[in-house]
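Following: one structure in structure tokens, then a few remarks.
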Amino acid sequence: MNRSKKIFVGFAIGFAIMIAWIVVDISRKTTFPGSKKPKKEAPADTTKNRSSPKSATHQP
437 MNRSKKIFVG
447 FAIGFAIMIA
457 WIVVDISRKT
467 TFPGSKKPKK
477 EAPADTTKNR
487 SSPKSATHQP
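Residue numbers (this note's numbering): 437 to 496.
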């Protein structure tokens with residue numbers, strides 16, 4: 437095997453290892469959407485829109 441082939445094989449192996457490391461790193465940080473538990477709905481905020489209308493004459 438000549439020198440240029442050895443260099444190419446070295447870069448190819450290094451590239452493959454680097455891509456595999458990136459894939460493993462990303463896969464550890466993410467989860468499959470179907471595996472997540474559904475969120476519980478927060479109770480409705482009852483304090484909103486409690487003010488009475490300023491003028492009863494403008495209501496339809």
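Ideal Cβ positions, reconstructed from N, Cα and C, are used throughout, including at glycine.
- Taking C-beta atoms as the reference points, M437 and V445 count as a pair closer than 9 Å.
- Here the alpha carbons of K475 and A452 stand approximately 39 Å from one another.
- Assignment of F451 by DSSP, reduced to helix, strand and coil, places it in the helix class.
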